[in-house]
Amino acid sequence: MAILKNAKTRVDVPDGGPVREAARELGVTFGCSKGVCGACVAEVMEGMDNLAAMTDAEKAFGMRPGDRMMCQCTINGGEVQIR
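When we follow our numbering, the leftmost residue of the sequence shown carries the number 4, and every step to the right adds one.
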């Protein structure tokens, strides 16, 4: 079981699973959930290597280093902290 967390809360995510619902529990807002609007962009503070590679949608959006779209990424395992 992997963990997505912020400074206050930790949410379990199945290894290899999407982080969307866990991120929602942590207070991340969502818009289109298709990798187009950027509403769900979060800064990854720790554990970037525990996330799967960026999707084509994230690459097309032009993400800043250290940011990921919570509607698009999956967690391979371990812990990831977002802000």
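C-beta atoms are modelled at their ideal positions from N, C-alpha and C, and glycine is treated no differently. Since we're looking at a predicted model, the values are computed, not measured.
*Candidates 45, 54, 34, 66, of which the one nearest residue 17 by Cα*: 54
* List the DSSP bridge partners of residue 8. => Under DSSP, residue 8 forms a beta bridge with 13, 84.
My assumption, with CB atoms under 8 Å, is that residue 78 sits in contact with residue 20. Please give the rounded CB distance.
Contact holds; Cβ gap of about 7 Å.
Exercise. Tell me whether residue 57 sits in a helix, a strand or coil according to DSSP, three-state version.
Key: coil
Quick check: the Cα distance between residue 65 and residue 57, rounded to an integer number of angstroms? One C-alpha to the other measures close to 11 Å.
In this structure, what does DSSP give as the bridge partners for residue 72? Bridge partners of residue 72: 44.
Notebook entry, point to check: Cα-Cα, which of 33, 50, 34 is closest to residue 6?
Noted result: 50
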